[in-house]
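Below is one structure, written out as structure tokens; comments come after it.
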Amino acid sequence: KAGVTQTPRYLIKTRGQQVTLSCSPISGHRSVSWYQQTPGQGLQFLFEYFSETQRNKGNFPGRFSGRQFSNSRSEMNVSTLELGDSALYLCASNWGRGNEKLFFGSGTQLSVL
Amino acid sequence: DAKTTQPTSMDCAEGRAANLPCNHSTISGNEYVYWYRQIHSQGPQYIIHGLKNNETNEMASLIITEDRKSSTLILPHATLRDTAVYYCIVRVAFADNYGQNFVFGPGTRLSVLP
């Protein structure tokens, strides 16, 4: 069974640009969560999608957005990139019911120059 | 904010048991304790979770104190590949129509030494 797949693995952008990251959850999983990891702030929750609806949101500015498609695949978008957006962006999935563990992908390493 | 407190770092000799403590003194009755680990530049990997009973799986054992205010993750025979950051997380088991998020603290950096 394939795990959580994130593309691309590495990305280099410049300030002011926008970026779209993609996540394919494990087959059958309906919930997709996104996390940002930086050396200074650690792992921080961005948002969670379930059945194409944002169900939970972390404390990030509106430049960070996401969406989920009917096949549960998800994308996150960051507009007007800032240097501080350089981070490892992690996607995780599960069935989205009650007490469940999260399955994480390997992440997309974004560098903003 | 994270609801757990863990040591910043620990060392363990290869082949010995690694015991990683976690304090969660404000845990509620409906909150589970989860453990994840993260090897450098990879996504976190689930290890184990529990509510109040001790749990064991192929990777580790989880010992939760009777008052549930602390727990210990035990890796019975640590190997070099167990070197990672270990995160202890408490979270509520939400119903289907509620969102979910895991709050990660800084974790414990475990170094397994040859």
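From first to last, the protein sequence lines stand for chains A and B. Take the first sequence: its letter number 7 is residue 7 in this note's numbering, and every next letter is one higher. For this note's numbering, add 1000 to where a residue sits in the second sequence, where the first one is 1. Glycine included, each C-beta is placed from N, C-alpha and C at the ideal position. Model, not experiment: these values are computed from the prediction.
Separation of B/S1009 and B/R1109 (C-alpha to C-alpha, rounded to the nearest whole angstrom) is 4 Å. With respect to the 7 Å criterion, B/S1025 and B/K1069 are classified as neighbours on the basis of their beta carbons. In its chain, beyond the 5 residues on either side, A1018, A1078 and V1112 have a beta carbon closer than 6 Å to the beta carbon of B/C1012. Looking from the CA of B/G1043, the closest CA among A/T53, A/G62, A/Q6 and A/S31 belongs to A/Q6. The bridge partners DSSP lists for A/G42 are A/T38.
Residue A/S86 holds the alpha-carbon nearest to the alpha-carbon of A/G16 among A/G42, A/S86 and A/Q54. Contact between the segment 90-102 of chain A and the segment 28-38 of chain A is present, with at least three C-beta pairs closer than 8 Å. Identification of residues in the segment 90-107 of chain A having a C-beta nearer than 9 Å to some C-beta of chain B yields L90, C91, A92, N94, G96, R97, G98, N99, E100, K101, L102, F103, F104, G105, S106 and G107, given in sequence order. Look at B/R1081 here: in three-state DSSP terms it is helix. Considering only A/F104, A/S111, A/V4 and A/F69, the residue with the shortest C-alpha distance to A/V78 is A/S111. If you draw a straight line from the Cα of A/A2 to the Cα of A/C23, it is about 13 Å long. Burial state of A/N71 is exposed, judged by a 10 Å Cβ sphere holding fewer than 16 other Cβ atoms. Around the C-beta of A/F104, 16 or more other C-beta atoms lie within 10 Å, and the residue is accordingly described as buried. Between A/S106 and A/G58, the alpha-carbon positions lie close to 21 Å from each other.
At a cut-off of 7 Å between beta carbons, A/L43 contacts chain B. Counted as a single uninterrupted DSSP element, the beta strand (DSSP E) harbouring A/S22 occupies residues V19 to S24.
From the beta-carbon of A/S79, no residue of chain B is found nearer than 7 Å; the closest lies around 23 Å away.
The beta strand (DSSP E) runs lying completely inside the segment 1023-1066 of chain B and spanning 3 residues or more are 1031-1038, 1045-1050 and 1061-1064, given in chain order. Inclusion of A/L46 and A/F60 in the CB contact set at 7 Å is warranted, their separation being smaller than that value.
Annotated three-state conformation of A/G66 is strand, per DSSP. Contact of B/Y1086 with chain A is not assigned, every C-beta pair being separated by 7 Å or more. Between B/Q1006 and B/C1022, the gap from beta carbon to beta carbon is short of 7 Å. With respect to the 7 Å criterion, A/L21 and A/T80 are not classified as neighbours on the basis of their beta carbons.
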